[in-house]
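Student: Note that numbering that gives the first Met the number 0 numbers the sequence shown so that position 18 is 17, with each residue one more than the last.
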Amino acid sequence: MNVLDSAVKLLQENEIRPSLTRIHILAYLLTNPVHPTVEQIYQALLPQIPTLSKTTVYNTLDLFLAKKLVKPVGVEYKEKHYDANTQNHGHFFCRVCEKIFDFDTHYIETETPELKGFQIEAKNVYYSGVCLDCRHKNKHKEDKNEKFEGNQDC
Ligand SMILES: [Zn+2]
Ligand SMILES: [Zn+2]
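#1: Please name the residue, chosen from K98, C133, F91, I119, that lies closest to S230 on a Cα-to-Cα basis.
#2: If you run the structure through DSSP and keep just helix, strand and coil, what is S5?
#3: With DSSP as the reference, please indicate the residues paired to S127 in a beta bridge.
#4: Can you check whether the CB of I40 is closer than 8 angstroms to the CB of Y27?
#5: So, are the CB atoms of P32 and D101 less than 8 angstroms apart?
#6: Report the rounded CA-to-CA distance for E120 versus N87, giving the unit in angstroms.
#7: Indicate the three-state DSSP secondary structure (helix, strand or coil) for P35 in the structure shown.
#8: Using the Cβ count rule (16 or more neighbours within 10 Å means buried), how would you classify Y81?
#9: Using CA atoms only, rank isn't needed, just tell me which of E110, T104, E97, Q118 is closest to V129.
#10: Could you name the residues of the same chain whose beta carbon sits closer than 7 angstroms to that of I15, not counting the 5 residues immediately before and after it, in chain order?
#11: Would you grab the beta carbon distance between V72 and I99 for me? Rounded to a whole angstrom, and I think it's under 8 angstroms.
Spelled out as structure tokens, the structure:
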């Protein structure tokens, strides 16, 4: 089944009329798990749907949110990001490239004595810092700086 068919099926299962725009927005979210913003979705789909407006993208996402087809990513950063992965998972926000990475929270699952007996229904795990790629890039820069300083000493 291609992703457009999956999108149609998912819309129908959630009692949303599968209009062309809705199908494309959902298919984009499913195939691009990068936690896009309204702006990113709009820019990506404009070539395929020249009549698309940002308001339509925004309203469509609001509908998806209401039907729990997408989740907002709990990052207070400039714009709202959307996630088609509605399972519990953690997010890591890289402050350098501003990408949001998914990770499995099973590894950090611990019993919290303070919440003993509580019923936990949602978990928002949010880390931030610098991702591996950006750390590598930064490291190269630092290496160069070190060499430069070393030459100065000689
Ligand atoms: Zn990064
Ligand atoms: Zn996510």
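In this text, a Cβ means the ideal position worked out from N, Cα and C, and glycines have one as well.
Tutor: Quick answer:
#1: In the structure as shown, the chain starts at 0 and stops at 153, and residue 230 therefore has no counterpart that could be examined.
#2: Here residue 5 refers to the residue found at position 6 when the sequence shown is read from its first residue. DSSP places S5 in helix when its eight states are reduced to three.
#3: Along the sequence shown, read from residue 1 onward, the residue named residue 127 stands at position 128. Answer by DSSP bridge pairing, in chain order: F92.
#4: Against the sequence shown, residue 27 aligns to sequence position 28. Against the sequence shown, residue 40 aligns to sequence position 41. Against a cut-off of 8 angstroms, the Cβ pair of I40 and Y27 comes out as a contact.
#5: Your numbering for residue 32 matches position 33 in the sequence shown. Your numbering for residue 101 matches position 102 in the sequence shown. Yes.
#6: Reading the sequence shown from its first residue, position 121 is the one you call residue 120. Reading the sequence shown from its first residue, position 88 is the one you call residue 87. C-alpha separation (whole angstroms): 10 angstroms.
#7: The count along the sequence shown starts at 1 and reaches residue 35 at position 36. In this structure, P35 counts as coil in the three-state DSSP scheme.
#8: As a working mapping, residue 81 is identified with position 82 in the sequence shown. Y81 should be labelled buried.
#9: Looking up residue 129 in the sequence shown gives position 130. Comparing Cα-Cα distances from V129 to each of E110, T104, E97, Q118, the minimum goes to E97.
#10: The residue labelled residue 15 in the question sits at position 16 within the sequence shown. Counting only Cβ-Cβ distances below 7 angstroms, and skipping sequence neighbours, we find R21, L62, K66.
#11: Numbered from 1 along the sequence shown, position 73 holds the residue referred to as residue 72. Numbered from 1 along the sequence shown, position 100 holds the residue referred to as residue 99. Confirmed, about 6 angstroms.
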